[in-house]
Structures are given as structure tokens and as C-alpha cells.
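Trainee:
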Amino acid sequence: MYYYVYDEFVQDAKYERELANIETRLTDLGISGKIARLALFRDASELIRDASLKGAKTIIAVGNDLTLRKVIDAAADHRSVLGIIPLGKDGNFIASMLGIPNGVAACDVISARMVEAIDTGVINGHRFINSCMIDNGAGMEIDCGRKFKVFPVKKCSIEIRNLAIEDETVPAANPADGKIELVIRTVNRSLFSRKKVKSTVVPVKELTMSGENTVRIRVDGEQFEGKEFRISVLASHLKLIIGKERKF
Amino acid sequence: MAKGNGQETIIALGVRVEGDFVSEGDVVIEGDVNGNIQTASDLRIGEQAKIKADILAQNAVIAGEVRGNVTIAGKLELSPSARIIGDISVDVLSVLSGAQINGKVTMDGSEVKIPKGKPGKDIETEE
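Top line first, the protein sequences correspond to chains A and B.
Following UniProt numbering, the residues of the first sequence are numbered contiguously, the last one being 248.
Following UniProt numbering, the residues of the second sequence are numbered contiguously, the last one being 127.
1. For Cys156/A, return the contacting residues in chain B, with the cut-off set at a CB-CB distance below 7 Å.
2. If you run the structure through DSSP and keep just helix, strand and coil, what is Asp167/A?
3. Report the residue ranges of all beta strand (DSSP E) runs contained in full by the UniProt domain "DAGKc" (42–127) of chain A; include only those spanning at least 3 residues, in chain order.
4. Flag this pair as yes or no: are the beta carbons of Phe248/A and Leu182/A separated by less than 8 Å?
5. Quick one: grab the DSSP three-state call for Ala39/A.
6. Consult DSSP for Asn188/A and reduce its assignment to one of helix, strand or coil.
7. For Lys3/B and Glu16/A, what's the separation of their Cα atoms in angstroms?
8. Which chain A residues sit within Cβ distance under 7 Å of Ile10/B?
9. Who are Gln100/B's beta bridge partners in DSSP?
10. Taking buried to mean at least 16 other C-beta atoms within 10 Å of its own C-beta, is Asn130/A buried or exposed?
11. Over the uninterrupted alpha helix (DSSP H) stretch that includes Tyr17/A, give me the two end residues.
12. Just checking: is the beta-carbon of Lys195/A within a distance shorter than 8 Å of some beta-carbon in chain B?
13. Taking the Cβ atom as the reference point for each residue, do Gly145/A and Leu82/A lie within a distance shorter than 8 Å?
14. Could you work out which residue in Val15/B, Ala82/B, Ser94/B is closest to Met107/B when comparing CA atoms only?
15. Answer yes or no: does any C-beta atom of chain B fall closer than 8 Å to that of Phe93/A?
16. Whole angstroms are fine: how far does the CA of Thr67/A sit from the CA of Ile165/A?
17. Which same chain residues end up closer than 8 Å to Cys107/A when comparing Cβ atoms and leaving out the 5 residues on each side of it in sequence?
18. Is the beta carbon of Ser199/A closer than 8 Å to that of Ile10/B?
19. Have a look at Thr169/A, Asp77/A, Val62/A, Leu40/A and flag the residue whose alpha-carbon is nearest the alpha-carbon of Asp50/A.
20. Glu65/B CB to nearest chain A CB: under 8 Å?
21. Rounded to whole angstroms, how far is the Cβ of Ile72/B from the Cβ of Ile51/B, which I believe are closer than 8 Å?
22. Could you list which residues in chain A have their beta carbon closer than 9 Å to that of Glu30/B, in chain order?
23. How close, in whole Å, do the beta carbons of residue 128/B and Glu18/B come, if the pair is a contact with beta carbons under 8 Å?
24. At the level of alpha carbons, what is the spacing between Pro101/A and Val170/A?
25. Grab me the residues of Thr214/A's own chain with a C-beta within less than 7 Å of its C-beta, minus the 5 sequence neighbours each way, in chain order.
26. Could you name the residues of the same chain whose beta carbon sits closer than 6 Å to that of Leu47/A, not counting the 5 residues immediately before and after it, in chain order?
27. Measure the alpha-carbon distance for Glu168/A versus Ile118/A and round it to whole angstroms.
28. Expressed to the nearest angstrom, what Euclidean distance is found between the alpha-carbon atoms of Asp7/A and Leu238/A?
29. Name the chain A residues whose beta carbon is nearer than 9 Å to that of Glu18/B?
30. Taking the alpha carbon of Lys70/A as the reference point, which residue from Asp90/A, Ala105/A, Ile180/A, Val5/A has its own alpha carbon closest?
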């Protein structure tokens with residue numbers, strides 16, 4: 001049984017037509033199911049728990065990366081298969097990584113139901129799929145599995161990656177290797193003051209980041225503040241519906 | 001250097017590592033390391049790197065400064081900017097003009113075993 005969780009923002013009038021098309025397509029494909037609509041005081045975890053008890057095996061988030069964040073803990077706790085129908089122009093990085101197209105085209109990918117178990121990152125008890133990012137990590141102490149410590153000695157950004165595409169200095173992060181990647185990007189000035197980004201890359205299974213000051217951290221697009229972050233990986237923990245165009 | 005089985009670890013300039021650093025993949029160090037370094041694959045130490053650690057690796061290319069004992073199972077290449085303060089145990093050694101070695105060099109053909117996932121103090125050699 002499929003259980004569709006509509007994020008609050010998709011209930012806006014501008015998505016009305018697209019949602020109607022999606023619902024029609026899902027019915028045509030024979031995978032329509034119960035719909036839950038998130039609201040200010042309606043907790044996704046409770047909705048998914050109740051749905052799981054009633055036999056829902058597949059949870060489909062309808063929204064963006066933040067919608068996935070709202071449902072991921074409950075879906076993983078109940079061993080449900082998780083999918084996404086991305087809507088809107090922004091904040092759909094995870095869906096694009098998973099090879100799921102925007103809007104009604106996603107219904108066919110959901111229907112094809114290619115399921116893969118991927119690693120899930122955990123930060124302070126909450127799961128994440130993509131990455132955690134601190135823009136200024138100078139002065140942080142990073143304890144990697146109580147074996148060695150890493151200290152960025154100059155201004156840098158710190159990223160903990162589980163599922164991520166390659167960039168100029170860092171290769172893609174594989175979400176099926178049982179590890180997360182600590183990436184520290186420092187800017188060095190070469191001759192003639194040209195900026196050059198140097199990246200430190202350390203694959204680890206767990207780490208603790210701490211600092212004297214409160215820092216902001218973005219987890220799959222959602223922002224938190226804190227002084228200490230305990231991060232680990234759960235290998236092959238989350239069953240996700242992916243498309244043929246996946247980028248990992 | 002040959003590509004290892006595990007993932008590559010890179011310690012860039014501007015980052016300091018302290019403790020027992022163990023890897024199964026290739027390791028590239030451009031920053032500072034204090035403690036032990038061990039990898040079952042290949043190790044490259046850059047020109048600006050400063051290492052205060054005992055090193056155990058399959059093969060290595062060193063261009064920076066190392067204070068500690070270096071044990072290499074295969075081949076060690078010392079670039080002109082390399083400065084080693086410590087003993088070297090290796091099977092095949094290549095030293096380019098300008099490299100400094102302040103310590104004992106042993107090339108007795110003894111087999112070096114690199115334990116998986118344990119720190120450098122577990123170095124074993126066999127005749």
C-alpha cells in the first residue's frame with residue numbers, strides 16, 4: 001500500500017493543477033493510495049506510524065528535500081520504502097541525485113519501483129541523506145572514531161557527505177560504501193594572489209565535531225545551531241525508490 | 001602510484017591531524033600530521049607537509065619533512081625536497097639529488113606486514 005505525504009507548501013493554489021495531474025497519473029498506474037497533508041501542528045512521524053500500523057509499506061513524500069527530511073526518520077524506523085515526487089523549482093537536489101524527475105513525470109519512476117538500500121547519515125540522532133555543511137569551521141575539533149583528531153587551522157568550510165556529486169576538488173560521495181566523507185575546503189592564495197581551494201577528504205564511519213562557539217549547520221537544506229555534532233553512518237539502512245538517471 | 005582498493009584520503013594544507021591515522025586506501029598528505037600513519041596502499045607526502053609520525057605503508061613518495069621511522073613494504077621514492085629524520089626500512093629505495101636522510105637505512109629484504117585497521121605500533125617484520 002502506498003502512502004502519500006503532501007508537504008504544506010504543495011497545498012498552495014499554484015500547485016493545484018500539477019497535483020491533480022499527479023493524482024490522475026498515479027490512479028492510471030494503479031498506485032494511488034492514502035494521502036496525508038502536513039500542516040503546522042501535524043507531525044509526519046505520527047502520520048507515518050499510524051499508516052505503517054495500517055499496512056502502508058511505501059511512503060512517498062510529495063514536495064522537496066525538506067519534505068524528505070520530515071519523513072525520513074519515521075520511514076526508516078518502520079522499514080518502509082521511501083520515494084519522492086519532487087515539486088517546485090528549488091530545493092530538489094536529492095531527487096535529482098536519485099534520478100527522479102520533477103512533477104508528474106516522477107509517477108512513472110515511482111511505478112517502476114527500482115528500490116535500492118543506501119547508507120544513511122545520522123546527526124545527533126536524526127537521519128540525513130545528502131550532507132551536513134558548516135560554512136565557517138575554523139577552530140572546530142573533529143574527532144574521527146576516537147582514533148585521530150582533525151583540526152582545520154585556517155578559515156574553511158566543513159562538509160560531511162553521504163550522497164553528493166563531484167566538484168572541482170572532491171570526487172562524488174558513494175552512498176553505498178558504508179562510510180561518510182569528511183570534506184574540509186580551505187582557500188589558499190598562490191603567487192599573484194590567485195585563490196585556490198584545497199580539499200581534505202577523510203572517509204570515516206563516525207565522527208564528533210565540536211567547538212567553543214555555537215555554529216550553524218545545514219543538514220539536507222535545513223539549518224540548525226549547536227556546539228557539538230555527533231555524526232555516524234547506518235550502512236544500507238534506507239530503502240529508496242530511484243530512477244534510471246540516478247547520479248551515483 | 002598504483003590505485004588502492006579503499007577510498008583515497010587527502011589531508012590538505014591548512015589541516016592538522018593528531019593520533020593514529022589508519023587507512024586501507026591511498027593517502028595524500030599536504031598538511032601536518034602528529035602520531036602514526038598507516039596505510040595498506042600507497043602514501044604521498046607533499047612538499048609543504050610536516051609529519052611527526054612513524055609511517056607504515058605499501059609504497060610511498062615523500063617530498064616533505066618527516067620526523068619518525070619510515071617502514072615501507074615496497075618502494076620508497078624521496079624527492080629533492082624530502083627531509084627524513086628517522087630510520088628507514090624499505091625494499092626498494094629511490095633517492096633524488098637534494099633529498100636528506102638523517103637516520104639508518106635498512107634494506108635487508110625482510111617482509112613487512114601491514115595489519116588491517118590497527119595503528120602503526122603493530123608493525124611486524126619477517127626475515
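Ideal Cβ positions, reconstructed from N, Cα and C, are used throughout, including at glycine.
Mentor: Taking the structure as given:
1. Per Cβ cutoff of 7 Å: Gly14.
2. When secondary structure is reduced to three states using DSSP, Asp167/A falls in the coil class, being assigned neither helix nor strand.
3. Taking only runs of at least 3 residues, the beta strand (DSSP E) segments lying wholly in the UniProt domain "DAGKc" (42–127) of chain A are 58–63, 81–86, 114–123.
4. The Cβ atoms of Phe248/A and Leu182/A do not sit closer than 8 Å to each other.
5. Strand, per DSSP.
6. Of the three classes helix, strand and coil, the one that applies to Asn188/A here is strand, per DSSP.
7. Residue placement at Lys3/B cannot be trusted, given a pLDDT of 41 that sits under 50; the coordinates are not used to answer.
8. Simply Ser199, Thr200, Val201.
9. Looking at the DSSP assignment, Gln100/B forms a beta bridge with Arg83/B.
10. Only buried fits Asn130/A, as 16 or more other CB atoms lie within 10 angstroms of its CB.
11. The sequence as given places Arg at residue 17/A; Tyr does not occur at that position. In the DSSP annotation of this structure, the continuous segment of the alpha helix (DSSP H) that includes Arg17/A starts and ends at 16–28.
12. By this cut-off, Lys195/A is not an interface position.
13. Contact: no.
14. Residue Ser94/B is the option with its Cα nearest to Met107/B.
15. Phe93/A does not count as touching chain B.
16. A straight-line Cα-Cα distance of about 21 Å links Ile165/A and Thr67/A.
17. The beta carbon of Cys107/A lies closer than 8 Å to those of Ile22, Arg25, Leu26, Leu29, Ile31, Ile85 in the same chain, with the five residues before and after it left out.
18. Result yes, Cβ atoms of Ile10/B and Ser199/A sit closer than 8 Å.
19. If we check each option's Cα against that of Asp50/A, Asp77/A comes out closest.
20. Glu65/B does not count as touching chain A.
21. Not really, about 14 Å apart at Cβ, beyond 8 Å.
22. Correct list: Lys198, Thr200.
23. Summary: the structure shown does not reach residue 128/B, with chain B confined to residues 1 through 127, and so no result is reported for it.
24. Pro101/A and Val170/A: Cα-Cα distance of roughly 26 Å.
25. Cβ neighbours of Thr214/A beyond the five flanking positions: Glu225, Gly226, Lys227.
26. Only Ala36 meet the Cβ criterion.
27. Answer to the nearest angstrom: the Cα atoms are 25 Å apart.
28. Looking at the backbone, the Cα of Asp7/A and that of Leu238/A are separated by about 21 Å.
29. Correct list: Phe148, Lys149, Val150, Phe151.
30. Closest option to Lys70/A, Cα to Cα, is Val5/A.
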